[in-house]
Each structure stands twice: as C-alpha cells, then as structure tokens.
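Here's the structure, in structure tokens; my notes come after.
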Amino acid sequence: MFADLDYDIEEDKLGIPTVPGKVTLQKDAQNLIGISIGGGAQYCPCLYIVQVFDNTPAALDGTVAAGDEITGVNGRSIKGKTKVEVAKMIQEVKGEVTIHYNKLQADPKQGMSLDIVLKKVKHRLVENMSSGTADALGLSRAILCNDGLVKRLEELERTAELYKGMTEHTKNLLRAFYELSQTHRAFGDVFSVIGVREPQPAASEAFVKFADAHRSIEKFGIRLLKTIK
C-alpha cells in the first residue's frame, strides 16, 4: 500500500513513550542469542521480541525483554522484512551481534500481570489456529510451552493445590480428633453410670476412675483444639 512512498510514516505508539537503544550480545556455542521474534511482514508493521529464553546470552545480559521492538541488526534496518529474514540476518552474524531496539516505557508491575493473562489467552488461541498463522504472529506452540513465566505460574498453582490439600487434611484431622474426644467423654459417662450401679466397692471405684480418666482426656482434647484455633 505504501510501497511507492519515499518516506516513512511515523508509527502510532498509542501514547506510550519508547526509548531507542542497542545491545551487543556474544553468541553461544549454538550460534544463538536466546530470543524468539514475532510480527513482521506481511501481518505486522513491526518486529518484536516474543520471549527471552532462560540462561542464554540475551537473558544473562538483561537489556532486552519480551515486548521490545527490534529496529535493526548490526546497523541494518529491518523495516519491511519478515521474521524469517531477520532471524537469518542474526544467524549469519558470527560472534557478536548488535540488536537495535525500541523499549516501551510501561509500568512493569502491570505488565507482569498482563503478561500472564495474555499468555493464557494465547494458549487458547493457538489451540484453534493453524501452525503457519501462529508462527507468523509469534504464537508458536514451542514458544508457549517453553515460556518460563508460564512454567513458574504452573508451579505456583501446583504448590497452591498442595497447600490447599494440606489445609483440608488438617481440618479433617482436627474434626476427627474432636469426634474422638467426644467418644472419650461418652465412655466416661458410661463408666460413671456403671461405677454408681456396681455393688462391689473396689469395682465401683475402678469404674469411677476410668470415667474420670476418659473425661480428663476429653477436656485436654478440647483445650488442645482451642489452642490450635
């Protein structure tokens, strides 16, 4: 549409300020810097970082992050290129590669919670999307499955389920302990009645002591439950 124009149209940043910058990254043994990119021609006017993988040159450097726009590679503009072409440009550079970027100045706390919500939405979208479309939009299944933030969220959810189960188990245990204390009280009442009706003094005294012992167990049990609560 704009191929015949000899000037660039200013991109609408929707009121969000951006800070341009560049970072030089030393590639690892696999000739990678540890980022996945999305967007680009023909579906998106810009290319951006979808994810920074853990324990990679980009992650260890810490300059770029998911959501940063890539504007150039080693001083060469990538405007109008596909993400495959940009990936090839990065791959062709040996040793150190310089990434030019625009970083959005947004609230990081809001961005973190929004990132989690959006990734959940992405998972649902990708399930009903063709692989080609998902790759073009930077939503490939491999990227989503390997996302560190989503994995941490899943770990936290599993931990929450574990603690929830422990809480329920503790409640059931305390309820069972209370019922056991009431059983001791019932035994005490029964032994007390037997002791009163027992004609032999020695046996009567023994039953009364049994009754007092069981009632004491019930009292200590109730005191313990009150202390725990």
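In this note's numbering, the protein residues as written are 12 to 240. A virtual CB, placed ideally from N, CA and C, is assigned to each residue, including glycine.
Limits of the beta strand (DSSP E) - the one that Gln62 falls within = 58 to 63
State buried or exposed for Val204, treating a residue as buried only when at least 16 other CB atoms are found within 10 Å of its CB.
-> Under this definition Val204 is an exposed residue.
Quickly, what does DSSP pair Ile115 with across the bridge? List them, please.
-> Checking the sequence, you will find Leu at residue 115 rather than Ile. Its beta-bridge partners are Thr29.
Given a threshold of 16 other Cβ atoms within 10 Å of its Cβ, counted over all protein chains shown, does His180 qualify as buried or as exposed?
-> exposed
Flag this pair as yes or no: are the beta carbons of Lys105 and Pro68 separated by less than 8 Å?
-> no
Go to Glu80, then tell me how far its beta strand (DSSP E) extends in each direction, as first and last residue.
-> 80 to 84
Give me the Cα-Cα distance between Ala217 and Gly199, rounded to the nearest whole angstrom.
-> About 12 Å.
Measure the alpha-carbon distance for Ala242 versus Arg196 and round it to whole angstroms.
-> Residue 242 lies beyond the range of the chain shown here (12 to 240); nothing can be said about it.
How far does the beta strand (DSSP E) with Gly232 in it reach, from first residue to last?
-> Run containing Gly232: none in the beta strand (DSSP E); it sits in the alpha helix (DSSP H), 212 to 239.
Supposed close pair Leu43, Gly51 - CB separation, criterion 8 Å | The pair is not a contact, with the Cβ atoms about 19 Å apart (cut-off 8 Å).
Classify Ile48 as helix, strand or coil using the three-state DSSP reduction.
-> Annotated three-state conformation of Ile48 is strand, per DSSP.
Where Ile89 falls: helix, strand or coil (DSSP) = coil
Tyr112 versus Ala40: straight-line alpha-carbon distance, rounded = 24 Å
When you compare only the Cα positions, how much space is there between Lys33 and Asp79?
-> 11 Å
Can you tell me whether Thr46 is buried or exposed, with buried defined as 16 or more other CB within 10 angstroms of its CB?
-> Looking at the sequence shown, residue 46 is not Thr but Ile. The residue is buried, with at least 16 neighbouring Cβ atoms inside 10 Å.
Going by C-alpha distance, which of Ile81, Thr93, Pro28, Pro31 is nearest Asn54?
-> The sequence shown places Tyr at residue 54, not Asn. Considering only alpha carbons, the answer is Thr93.
Starting from the C-beta of Asp15, find all residues in its chain whose C-beta is less than 7 Å away, skip the five residues before and the five after it, and write them out in chain order.
-> The pLDDT assigned to Asp15 is 41, lower than 50, so where the model puts this residue is not dependable; a value taken from the coordinates is nonetheless given after this. For Asp15, where only same-chain residues beyond five positions count, there are no Cβ hits under 7 Å.
Can you check DSSP and say which residues form a bridge with Leu184?
-> In the DSSP output, where bridge partners are listed per residue, Leu184 has none listed.
Taking the DSSP output, what are the residues bridged to Gln37?
-> Glu107
Proximity to Gly232 [Cα-Cα], best of Gln102, Ala77, Phe188 = Of the candidates Gln102, Ala77, Phe188, the one whose C-alpha sits nearest the C-alpha of Gly232 is Phe188.
May I have the straight-line CA-CA distance separating Ile239 from Leu185, to the nearest angstrom?
-> 9 Å
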